[in-house]
Amino acid sequence: MEFFAKNIIPGEVLVQLIAFLIVFFSLKAFAWKPLQASLASRREKIRSDLQEIEEAKREIERLRQEYGEHLQKIEDEARAKLQQAVHEGREIARQIQDKAREESQAAFAKAKENLDLEVAKARITLRREIGDLALRVSEKVIRERLDANREQDKVLEILDQLENTL
Amino acid sequence: MENYSHQIDSAAQTLVNPTEAHAISSHGAVHEAHELPNWISIFTSHFPDHPASDFLHRWENVIFSLTIALFISGVGIIAARKKNRVPQGIQNLCEAVVEGLETFVTGILGEAGRKHVPFLGTIFLYILFMNWFGLFPFMKSPTAAWSTTLALALTTMVYVQLTGMMGQGFTQVKLPFFKRRFLFPAYLIHLMGNPKGIFGIMVIPLMLVLNIILEFGAVPFSLSLRLFANISSEDRLLLNFAELALSSKFLAFPFQIFANLLALIFSLVQAFVFMLLSTVYIALVLPHDEHHEHEEIVSGHAH
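In order, the protein sequence lines correspond to chains A and B. Residue 166, in the numbering used here, is where the first sequence stops; the numbers in between run on with no holes. Residue 469, in the numbering used here, is where the second sequence stops; the numbers in between run on with no holes.
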């Protein structure tokens, strides 16, 4: 009991108690609360920042994908257009070829027609000339009647020759 | 002649171990040196008749406590006033300390323990600095006096009990011979030792007395005695090693340094133990979601 009495001084206990309470309440109000609040707010900020970063990353990934798709689409379109152009070019080439062939055929046909016409004309002219010639030959033959029999073979030969040339 | 030789004897003893000699020669005197001299003890021994001496000697521990209180409050408030997003210097230090204490307390009490961090943290830092203060030259550990530690332990006890009273709320209890349920403060049930069945109800008075003695007496007693005994013996150790170093012409100086290191570590350990036990006491009085258990407990064998 003496030990207790010597070591525990009620007044001091009371004053120490009050002192501690003052320290506690002042620290709680002016140090702990703000510090804890600032820590909590920083924690919250870091968390939300990280979340935002995560979202931004996702957004970037999405944009990249979109961009890639877009690029792919453009490439596809370009290829399709190129192919279409090639196709069109071939078509045009074929058309031109066809047209050229047609024209050439037409020209050929016309030339042939002209030729036929010319041949016919020539034949007519020739016939007339043959007639003329025959008349003239017969005139000559008649005129030279006396030695006609002698010349008859010659006339026939000439006629044969003319026929063969036509 | 005999008287004279006794005086010599006593003087020799004083040289070797002044504490004991002092204690023996001045039995029942006002001053008794258990620890290294501090500025107040030096002042009072040099100017015993000075009007301030009596006051200073009487409030020695309180004066040192208040010094530390001012120091902690000053540092804490200065640190809390800075609100930089990126902490630096003192703010960084204090936030690290707060964060560490928060992690520790929430590790034991869970997320609900965050609101007990100010109390437990203040207890820890206050005790820690009071313990360490004895290592400073001409200063004293106020925790080497039982009055100081008892004040802290009583505050802790009241805090713990208030937390228990307010935190546990009410619980529905079914009493035997009654059809309706009664609302009882869970705290009281806790004090009655969570009675189970008819036997539990019978031992309620015993449990009540036991728990009240335990929670209102033994807890602050053990908390305060442990801290006081540790720190005061630590201070005696420091004094004895200092004396040893002096009397051995500084041959024992390495031992004194060792004692200082030991005191440094033990002070930290004691402050930590005080906080840890307070945290555990809070954990014990916090609700553990066993309200449903209570309902069936008391009604158990009643039917």
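Here a beta-carbon is modelled for each residue, glycine too, at the ideal position from N, C-alpha and C. These numbers come from a predicted model, not from an experiment.
Start-to-end residues for the alpha helix (DSSP H) that takes in residue i
i      : result
R101/A : K33 to R143
F432/B : F419 to V451
K268/B : Per the sequence presented here, residue 268/B reads as Glu, with Lys not at that position. E268/B -> alpha helix (DSSP H) spans G255 to L275.
W120/B : Absent from the structure is residue 120/B, since the part of chain B shown begins at 167 and ends at 469.
R392/B : V385 to S413
I364/B : G363 to M368
G240/B : E226 to R247
L380/B : L380/B -> no alpha helix (DSSP H), and no H or E assigned at all.
I9/A   : Careful: I9/A lies outside any alpha helix (DSSP H) and carries neither H nor E.
Same chain, Cβ closer than 6 Å to residue i, neighbours up to 5 away in sequence not counted
i      : result
H197/B : Because H197/B carries a pLDDT of 46, less than 50, the predicted location of this residue cannot be relied on, and the following value inherits that uncertainty. The answer is none, since no qualifying residue turns up.
I370/B : M358 and P361
I367/B : P361
G330/B : Y353 and V451
Y170/B : Caution is warranted here: a pLDDT of 45 is assigned to Y170/B, below 50, making its placement in the model unreliable, and the coordinate value is therefore given only provisionally. Around Y170/B: no qualifying Cβ.
V137/A : V155
Cα-Cα separation, residue i to residue j
i      : j      : result
F424/B : F387/B : 31 Å
L39/A  : F438/B : 23 Å
Q161/A : L115/A : 24 Å
Y325/B : F302/B : 31 Å
A395/B : T309/B : 9 Å
A120/A : Q84/A  : 53 Å
L341/B : N227/B : 52 Å
I431/B : P203/B : 21 Å
G279/B : S41/A  : 18 Å
M1/A   : S313/B : 15 Å
F285/B : G266/B : 14 Å
I206/B : H223/B : 7 Å
I448/B : L376/B : 19 Å
Q257/B : L428/B : 29 Å
E129/A : A109/A : 29 Å
M296/B : V252/B : 31 Å
H200/B : R402/B : 6 Å
Q97/A  : E163/A : 44 Å
F416/B : E400/B : 20 Å
R101/A : R123/A : 32 Å
P420/B : S413/B : 14 Å
A31/A  : M305/B : 26 Å
L320/B : L391/B : 12 Å
Beta-ladder partner(s) of residue i, from DSSP
i      : result
T337/B : F350/B
N204/B : F304/B
Cut-off 7 Å between Cβ atoms - residues of its own chain near residue i, not counting five sequence neighbours on either side
i      : result
F382/B : M323
Cβ shell of residue i (< 8 Å), same chain only, five flanking positions each side left out
i      : result
Q334/B : P351, A352, Y353, H356, V451, L452 and P453
Q152/A : V141
H282/B : V271, L275, T329, T445 and I448
L259/B : A245
Chain D contact for residue i (CB, 8 Å cutoff)
i      : result
T233/B : Protein chains A and B are contained in the structure displayed, whereas chain D is not.
Near-chain B residues of the region 36 to 48 of chain A (beta-carbon distance less than 8 Å), N- to C-terminal order: From the region 36 to 48 of chain A, only Q36, S38, L39, R42 and K45 have a Cβ closer than 8 Å to chain B.
Using a Cβ-Cβ cut-off of less than 7 Å, give me the residues of the region 5 to 19 of chain A that come near chain B, in sequence order. The region 5 to 19 of chain A vs chain B, Cβ under 7 Å: N7, I8, I9, E12, V13, V15, Q16, L17 and A19.
With 9 Å as the C-beta to C-beta threshold (strictly closer), list the residues of the region 49 to 65 of chain A near chain B in chain order. Here the close residues number zero.
Cβ-based contacts, 8 Å cut-off: residues of the region 261 to 286 of chain B near chain A: E261, V264, E265, E268, R280, V283, P284 and F285: these are the residues of the region 261 to 286 of chain B whose beta carbon lies less than 8 Å from some beta carbon of chain A, given in chain order.
Chain-ordered residues of the region 432 to 445 of chain B with a beta carbon less than 8 Å from chain A: The residues in question: there are none.
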